[in-house]
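Take a look at the structure set out below.
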Amino acid sequence: MSGHGHAIPMTARRGRPLKGRAEVPGDKSISHRSLILGALAVGRTEVTGLLEGQDVLDTAAAMRAFGATVTQVAPGHWTVEGVGVGGFAEPKDVIDCGNSGTGVRLIMGCMATSPISATFTGDASLRKRPMGRVTDPLALFGARAYGRQGGRLPMTVVGAGDATGVRYTVPMPSAQVKSAVLLAGLNARGQTVVIEKEPTRDHSERMLRGFGAEVAAEDGPEGRIITLTGQPELKPQRVAVPRDPSSAAFPVCAALLVEGSDILVPGVSQNPTRNGLYTTLVEMGADIAFENPREEGGEPVADLRVRFTGALKGIAVPQERAASMIDEYPVLSVVAACATGTTVMRGVKELRVKESDRIDAMARGLEACGVRVEEDEDTLIVHGMGADGVPGGATCATHIDHRIAMSFLVLGLAAKKPVSVDDGSPIATSFPVFEGLMAGLGADISRVAG
Ligand code: S3P
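If you're matching positions, the sequence shown starts at 69 in the working numbering and goes up one per residue.
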């Protein structure tokens, strides 16, 4: 939902070692897609392990507004009665996607080739984010978009009546843009071809195939070429959502930084388009065992056994890894602050158009906590202070960004003095059980101002 409720100031302080089992919620990307593809299938899709964060609840409400029946059967267990490709009804009211860039961009894609109009809005963070990256390729199908200056929400999208498939090279590494074009291609005649120069998360391709669409992917000189055959009948599925590696990152990094910690995070997706953080942490010297690797819900998963690692060292993160860990740079920069040596993160300018400008948000907060950082448009460099070296003792601004809030709270568990955030309420968008889960591990995180 748009608007922003009461700010919830929070403070994290050093305390006991973290111990126990951390069952993190379902993957946010897969949760959005299971509701959207369920709505586009003919019949009843069953989803288990759905993330019940506000972002996904907003997508559920949007799918209802387009005519699907979306029902919670039990916690995490949902059903979607789909209306079929091309079966969307025109919403009677504005679609409010709250804080979710993924929600709004994917939904714009899947309605853009139906003869209906929809008006989209979101919270103050989402209304600042660029939508042109999605509406530009949707215009190739014949859809028109009328938004605020700079392609910002609120925005009305007028869908194209009788669209034909397009060929589009995505100019930035963005799974949201790729997915919006593929979803628009579903109701277009013929083939839609999307080319991405750098591979990004491939959940849309995997899940579209799972729902019965014909999707081919091959690597060519231009990059990855994804070809979707339009106007399939999507078949309802049972989707078992694996646990979110981007949410797991917070307890994992906390355990690496809090002396004496030893935790197990079971069933975390290890999809290679998502696991760059874990590769990076191991390169920094982290003690993470990937136990019991297996396949669940069509995704590779493993149980992560994570132990405190006092001697992490800074590294240069390979630029080509950026897309596979794009949401994890904020918490990586916290780990980098507690490592020895310098961590260099290049090729990360996409961070500037996330829920907040994450390079700026992390740089300012880390500096306030006594950490030296350098940045330019596309780079963040953190000068590590060692396992017991970060002074802390500041209140960091979260800018309506869940991952910024959780990252600074992780820092507070390791820093010499407590670290506070001005507003932890956005955590509910992606990780509604964060506080209880961290408390269960023994972390001292409370709803008090610094
Ligand atoms: C997502 C894609 C990424 C990521 C976001 C989820 C998705 O965004 O940051 O949290 O589910 O497709 P971009 O496409 O903007 O890189």
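Positions of the beta carbon are idealized from the N, C-alpha and C atoms, including for glycine.
Report task. Return the chain-ordered list of same chain residues with a C-beta closer than 6 Å to the C-beta of G433, the five sequence neighbours on each side being excluded. Result -> As a working mapping, residue 433 is identified with position 365 in the sequence shown. Exclusion of the five residues before and after G433 leaves C464, F476 as the residues of its chain whose Cβ lies within less than 6 Å of its Cβ.
Query raised in the report: Between S70 and A180, what straight-line distance do the alpha-carbon atoms span, to the nearest angstrom?
Result: What you label residue 70 is simply residue 2 of the sequence shown in a count that begins at 1. What you label residue 180 is simply residue 112 of the sequence shown in a count that begins at 1. Residue confidence is low: S70 scores 47 on pLDDT, short of 50, so the model does not pin down where it sits. No coordinate-derived value is stated.
**Report entry** Cβ-heavy atom distance, H451 to the ligand S3P, below 7 Å
**Finding:** As a working note, residue 451 is residue 383 in the sequence shown. Incorrect: H451 has no Cβ contact closer than 7 Å to the ligand S3P.
**Report entry** Classification of V399 by the beta-carbon crowding that lies within 10 angstroms, buried from 16 upward
**Finding:** Counted from its first residue, the sequence shown places residue 399 at position 331. Looking at its Cβ environment, which holds 16 or more other Cβ atoms inside 10 Å, V399 is buried.
Query raised in the report: Any idea if L362 is buried or exposed, counting beta-carbon neighbours within 10 angstroms, 16 or more meaning buried?
Result: Translated into the one-based positions of the sequence shown, residue 362 becomes position 294. Here residue 362 turns out to be Arg, not Leu, going by the sequence shown. Residue environment: R362 is assigned as exposed (fewer than 16 neighbouring CB atoms within 10 Å of its CB, all protein chains considered).
Query raised in the report: Which one of V148, T116, R515 has the shortest CA to CA distance from P310?
Result: In the sequence shown, the residue the question calls residue 310 occupies position 242. For the residues V148, T116, R515, the minimum Cα distance to P310 belongs to T116.
Query raised in the report: Beta-carbon separation of N167 and Q217 under 8 Å?
Result: Counted from its first residue, the sequence shown places residue 167 at position 99. Counted from its first residue, the sequence shown places residue 217 at position 149. With a cutoff of 8 Å on beta-carbon distance, N167 and Q217 are scored as not near each other.
Report task. Would you tell me roughly how many angstroms separate the C-alpha atoms of I513 and K246, rounded to the nearest one? Result -> Start at 1 with the first residue of the sequence shown, and residue 513 comes out as number 445. Start at 1 with the first residue of the sequence shown, and residue 246 comes out as number 178. Just so you know, the alpha carbons of I513 and K246 end up roughly 38 Å apart.
Query - Beta-carbon proximity list for V326, same chain, < 7 Å, skipping 5 on both sides - result: Locating residue 326 in the sequence shown gives position 258, counting from the first residue. Taken in chain order, the residues that qualify are P85, L86, F376, L481, A482.
Query raised in the report: With a Cβ-Cβ cutoff of 8 Å, do A391 and V416 count as a contact?
Result: Position 323 of the sequence shown holds residue 391. Position 348 of the sequence shown holds residue 416. Cβ atoms of A391 and V416: not closer than 8 Å.
Requested in this report: Return helix, strand or coil for S70, following the three-state DSSP convention.
Outcome: Counting from one through the sequence shown, the residue named residue 70 turns up at place 2. The predicted position of S70 is uncertain, since its pLDDT is 47 and thus under 50; no value can be drawn from it.
Query raised in the report: Taking the DSSP output, what are the residues bridged to Q140?
Result: The residue labelled residue 140 in the question sits at position 72 within the sequence shown. BP columns for Q140 point to W146.
Requested in this report: Quick one: using the 10 Å Cβ neighbour count with 16 as the cut-off for buried, is H74 buried or exposed?
Outcome: Here residue 74 refers to the residue found at position 6 when the sequence shown is read from its first residue. Exposed.
Query raised in the report: Helix, strand or coil: how does DSSP classify H524 here?
Result: The question about residue 524 has no answer here: the residues shown for the chain are numbered 69 through 518.
Requested in this report: Go to M223, then tell me how far its beta strand (DSSP E) extends in each direction, as first and last residue.
Outcome: If you number the sequence shown from 1, residue 223 lands on position 155. 220–226 is the extent of the beta strand (DSSP E) around M223.
**Report entry** Check: S102 C-beta below 7 Å from any heavy atom of the ligand S3P
**Finding:** Within the sequence shown, numbered from 1, the residue matching residue 102 stands at position 34. In terms of side-chain proximity, the C-beta atom of S102 is found no nearer than 7 Å to any non-hydrogen atom of the ligand S3P.
Query raised in the report: What's the call for D456, buried or exposed, on a 16-neighbour Cβ count within 10 Å?
Result: As a working note, residue 456 is residue 388 in the sequence shown. With fewer than 16 Cβ atoms within 10 Å of its Cβ, D456 is classed as exposed.
Query raised in the report: Under the criterion of a Cβ to heavy atom distance below 7 Å, does A496 qualify as lining the ligand S3P?
Result: As a working note, residue 496 is residue 428 in the sequence shown. It does not: the Cβ of A496 is nowhere closer than 7 Å to a heavy atom of the ligand S3P.
Query raised in the report: CB-CB under 8 Å to G365, same chain, minus the five flanking residues each way: which ones, in chain order?
Result: On the sequence shown, residue 365 is found 297 positions in, with the first residue counted as 1. In chain order, I98, G117, V307, A308, V309, P310 place their CB closer than 8 Å to the CB of G365, counting only its own chain and leaving out the 5 sequence neighbours on each side.
Query raised in the report: Would the beta-carbon of G378 fall within 8 Å of that of T79?
Result: Along the sequence shown, read from residue 1 onward, the residue named residue 378 stands at position 310. Along the sequence shown, read from residue 1 onward, the residue named residue 79 stands at position 11. Between G378 and T79, the gap from beta carbon to beta carbon reaches 8 Å or more.
Query raised in the report: Secondary structure at L505, three-state DSSP: helix, strand or coil?
Result: Mapped onto the sequence shown, residue 505 falls at position 437. Looking at L505 - three-state DSSP - the assignment turns out to be helix.
Report task. Please specify which runs of the beta strand (DSSP E), each continuous and at least 3 residues long, are wholly inside the segment 136–218, giving them in chain order. Result -> Look at the segment 136–218 and you find these whole runs of beta strand (DSSP E), each 3 residues long or longer: 137–142, 145–151, 185–189, 212–216.
Query raised in the report: Assuming A248 and R173 make a contact with CB atoms under 8 Å, what is their CB distance in whole Å?
Result: For this step, residue 248 is matched to residue 180 along the sequence shown. For this step, residue 173 is matched to residue 105 along the sequence shown. About 5 Å; that satisfies the 8 Å criterion.
Query raised in the report: What number of angstroms, rounded off, separates the C-alpha of L254 from the C-alpha of S182?
Result: Sequence index remark: in the sequence shown, residue 254 carries index 186 (1-based). Sequence index remark: in the sequence shown, residue 182 carries index 114 (1-based). Between the C-alpha atoms of L254 and S182 there is a straight-line separation of about 10 Å.
Query raised in the report: How about E418: is its Cβ closer than 7 Å to a heavy atom in the ligand S3P?
Result: For the purposes of this step, residue 418 is identified with residue 350 of the sequence shown, where counting begins at 1. Residue side-chain check: E418 places its Cβ nearer than 7 Å to a non-hydrogen atom of the ligand S3P.
Query raised in the report: Would you call H145 buried or exposed, if buried means 16 or more other Cβ atoms sit within 10 Å of its Cβ?
Result: Indexing the sequence shown from 1 puts residue 145 at position 77. So H145 counts as exposed.
Query - Cα-Cα separation, E266 to E388 - result: In the sequence shown, counting from the first residue as 1, residue 266 sits at position 198. In the sequence shown, counting from the first residue as 1, residue 388 sits at position 320. Going by the C-alpha atoms only, they are around 8 Å apart.
Query raised in the report: Taking contact to mean at least 3 C-beta pairs separated by less than 8 Å, is the segment 90–107 in contact with the segment 147–156?
Result: Yes: the two stretches touch, three or more of their Cβ pairs being nearer than 8 Å.
Query raised in the report: By Cβ distance, which residues of its chain are closer than 7 Å to G200, with the 5 residues on each side in sequence left out?
Result: If you number the sequence shown from 1, residue 200 lands on position 132. Counting only Cβ-Cβ distances below 7 Å, and skipping sequence neighbours, we find G219.
Requested in this report: Return the chain-ordered list of same chain residues with a C-beta closer than 6 Å to the C-beta of T348, the five sequence neighbours on each side being excluded.
Outcome: Translated into positions along the sequence shown, residue 348 becomes position 280. Correct list, in chain order: V385.
Query raised in the report: Taking the alpha carbon of E290 as the point to measure from, which residue in P205, F279, P340, V262 has its own alpha carbon closest?
Result: Your numbering for residue 290 matches position 222 in the sequence shown. Among P205, F279, P340, V262, the Cα nearest to that of E290 is on V262.
**Report entry** For T347, the first and last residue of its enclosing alpha helix (DSSP H)
**Finding:** Residue mapping note: residue 347 aligns to position 279 of the sequence shown, counting from 1. Where T347 is concerned, the enclosing alpha helix (DSSP H) starts and stops at 344–351.
Report task. Would you kindly work out how many angstroms separate the C-alpha atoms of L206 and G298, rounded to a whole number? Result -> Position 138 of the sequence shown, counted from the start, is the residue given in the question as residue 206. Position 230 of the sequence shown, counted from the start, is the residue given in the question as residue 298. Pairing L206 with G298, the inter-Cα distance amounts to about 15 Å.
Query raised in the report: Going along the chain, which unbroken runs of the beta strand (DSSP E) with 3 or more residues stay wholly within the segment 78–130?
Result: Correct list: 78–81, 87–89, 110–116.
Query raised in the report: Secondary structure at T341, three-state DSSP: helix, strand or coil?
Result: Along the sequence shown, one-based indexing puts residue 341 at 273. DSSP places T341 in the coil class of the three-state scheme, outside both helix and strand.
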